[in-house]
Ligand SMILES: [Ca+2]
Ligand SMILES: [Ca+2]
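In the numbering used here, the protein residues as written are 437 to 576.
Below, the structure is given as structure tokens:
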């Protein structure tokens, strides 16, 4: 019993354990490969939407892509050439429409999780503000 306790304490205090309790680590780490983005309904009525994501990794966020994806209803953007990204547990994709003369529009968010690693092609829907988009991706 005494030995087991010492063993557990040792495990808990191993160097590197202390600082590694990061966001959503339950599902481990994986990589995300985007496949494509489909526009079913745009947010705007007159011009194409200028789509970008704010990708939230938990401890930091970034905008992607730097150049907007101009999408009209029925458009499909092939994203298979986009480099895969490493994920720690999960990542949240917040979709925005970049407007020139008024504030950008939030079109919805989706959490992509390492829980789906190996599950093949998945789809996330973005349906805020009257828009409807589908993001196809896989995690592995
Ligand atoms: Ca808009
Ligand atoms: Ca707007």
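Every residue, glycine too, gets a C-beta built ideally from N, C-alpha and C.
This one's a predicted model, so the numbers in the text were calculated from it and none came from an experiment.
Asked: Any non-hydrogen atom of ligand 1 closer than 6 Å to residue 480 Cβ; Found: yes
Asked: Span of the beta strand (DSSP E) around residue 528; Found: 526-533
Asked: Where residue 485 falls, given that 16 or more other Cβ within 10 Å makes a residue buried; Found: buried
Asked: Rounded separation between residue 463 and residue 513 - CA only; Found: 29 Å
Asked: Bridge-paired residues (DSSP) for residue 571; Found: 473, 560
Asked: Short Cβ contact (7 Å threshold) for residue 468 with residue 523; Found: yes
Asked: Local conformation of residue 463 per DSSP, three classes; Found: helix
Asked: Residue 551 (DSSP reduced to helix, strand or coil); Found: helix
Asked: Test item: CB-CB of residue 516 and residue 471 under 7 Å; Found: yes
Asked: Any non-hydrogen atom of ligand 4 closer than 6 Å to residue 535 Cβ; Found: With respect to ligand 4, the structure shown offers nothing to examine, as its ligands consist of ligand 1 and ligand 2.
Asked: Residue 546 and residue 575 closer than 7 Å at C-beta; Found: no
Asked: Per-residue burial, residue 477 [other beta carbons within 10 Å of its own, 16 or more giving buried]; Found: exposed
Asked: Sequence-distant residues of its chain with Cβ nearer than 7 Å to residue 577 (five each side left out); Found: Lying before the first or after the last residue shown, residue 577 is absent from the chain, which here runs from 437 to 576.
Asked: Reference residue 530; option with closest CA among 507, 557, 500, 508; Found: 500
Asked: Pairwise C-alpha distance: residue 556 and residue 475; Found: 21 Å
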